[in-house]
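J.: Below you'll find the structure I mean.
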Amino acid sequence: MAQFDTSIEIDAAPADVFTYLTTNAGMTAWMGTQASLDPRPGGRFEVDIAGYAIRGQYLEVDPPHRIVVSWGMIENPLLPPGSSTVEFRLTPIGERTRVDLIHADLPETELPGHADGWAHFMPRLAVVGAGGDAGPDDWRPLGVVHGR
Numbered sequence: 003m004a005q006f007d008t009s010i011e012i013d014a015a016p017a018d019v020f021t022y023l024t025t026n027a028g029m030t031a032w033m034g035t036q037a038s039l040d041p042r043p044g045g046r047f048e049v050d051i052a053g054y055a056i057r058g059q060y061l062e063v064d065p066p067h068r069i070v071v072s073w074g075m076i077e078n079p080l081l082p083p084g085s086s087t088v089e090f091r092l093t094p095i096g097e098r099t100r101v102d103l104i105h106a107d108l109p110e111t112e113l114p115g116h117a118d119g120w121a122h123f124m125p126r127l128a129v130v131g132a133g134g135d136a137g138p139d140d141w142r143p144l145g146v147v148h149g150r
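Everything in the sequence shown is counted per the working numbering, starting at 3 for the first residue and increasing by one.
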């Protein structure tokens, strides 16, 4: 199994950034076209991204410092719903927030696509977290030209 780690800094307080990880409108402002979130341990984590149904649940919710969700995709036998974990750590740095993302338990074959996705979506989180508009999202997974 593989792990992907990345970090960004956002011009906002952790409490402001936290809402972009726990509300439907907040999540879809930077990632996905539709979300159904219930941010409590055992609550649903469902986001549709570029035609892919990401499904899992919130495993840990520690406002406004940390969130851990299970993550997987419907119709992907290599990464079924809930089979990997994504952790967001929010650390205040003055008036800014450092967001550390750890996506663990990824099959090696899934690592390049998820690394590409997070490289696209994390800067979008930085834009919306600071009060901006990330604009339309045209991201598609590696190797996909049109549709799935």
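The beta-carbon is built from N, C-alpha and C at its ideal position, and this holds for glycine as well. If you're wondering where the values come from, they're calculated on a predicted model, not measured in any experiment.
In terms of DSSP beta bridges, what is SER85 paired with?
T.: As a working note, residue 85 is residue 83 in the sequence shown. According to DSSP, which records beta bridges pairwise, SER85 is partnered with nothing at all.
J.: In the DSSP assignment, find the beta strand (DSSP E) that holds PRO113 and state where it starts and stops.
T.: The residue you call residue 113 lines up with position 111 of the sequence shown. For clarity, residue 113 is Leu in the given sequence; the question names Pro instead. Careful: LEU113 lies outside any beta strand (DSSP E), inside the alpha helix (DSSP H) at 113–131.
J.: Apply the 10 Å Cβ neighbour rule to SER85 and answer buried if 16 or more other Cβ atoms are within range, or exposed otherwise.
T.: In the sequence shown, the residue the question calls residue 85 occupies position 83. The residue is buried, with at least 16 neighbouring Cβ atoms inside 10 Å.
J.: Could you give the DSSP three-state label for GLY58: helix, strand or coil?
T.: Position 56 of the sequence shown holds residue 58. Note: GLY58 maps to strand in three-state DSSP.
J.: Assuming ALA4 and PRO94 make a contact with CB atoms under 8 Å, what is their CB distance in whole Å?
T.: Looking up residue 4 in the sequence shown gives position 2. Looking up residue 94 in the sequence shown gives position 92. That belief does not hold up - the Cβ atoms of ALA4 and PRO94 are roughly 30 Å apart, past 8 Å.
J.: Terminal residues of the continuous alpha helix (DSSP H) containing ALA52?
T.: Counting from one through the sequence shown, the residue named residue 52 turns up at place 50. Element bounds for ALA52: n/a, residue is neither H nor E.
J.: Spatial neighbours of HIS67 within its chain, please: CB distance less than 6 Å, with the 5 preceding and 5 following residues excluded, ordered by chain position.
T.: Within the sequence shown, the letter at position 65 stands for residue 67. Correct list, in chain order: LEU92.
J.: Quick check: ARG126 and TRP32, are their CB atoms within less than 7 Å of each other?
T.: As a first step, residue 126 must be located in the sequence shown, where it is residue number 124. As a first step, residue 32 must be located in the sequence shown, where it is residue number 30. Yes, they are a contact pair.
J.: Anyone know if the C-beta pair for VAL63 and VAL88 falls short of 7 Å?
T.: In the sequence shown, residue 63 corresponds to position 61, counting from 1. In the sequence shown, residue 88 corresponds to position 86, counting from 1. No, they are not a contact pair.
J.: With respect to the alpha helix (DSSP H) encompassing THR99, which residues constitute its N-terminal and C-terminal limits?
T.: Taking the sequence shown and counting its residues from 1, one reaches residue 99 at position 97. Unbroken run through THR99 is the beta strand (DSSP E), 98–108; no alpha helix (DSSP H).
J.: Which residues does DSSP list as the beta-bridge partners of TRP73?
T.: In the sequence shown, the residue the question calls residue 73 occupies position 71. Paired residue(s): SER86.
J.: By DSSP's criteria, ASP135 is part of a beta bridge. Which residues make up the other side?
T.: Your numbering for residue 135 matches position 133 in the sequence shown. DSSP output for ASP135 lists no bridge partner at all.
J.: For VAL129, which residues in the same chain have their Cβ closer than 6 Å to its Cβ, ignoring the five residues on either side in sequence?
T.: Your numbering for residue 129 matches position 127 in the sequence shown. Around VAL129: ALA136.
J.: Just to confirm, are ALA55 and ILE76 a CB contact at a threshold of 7 Å?
T.: Within the sequence shown, residue 55 is the residue found at index 53, counting from 1. Within the sequence shown, residue 76 is the residue found at index 74, counting from 1. Their beta carbons are under 7 Å apart, which means ALA55 touches ILE76 by this criterion.
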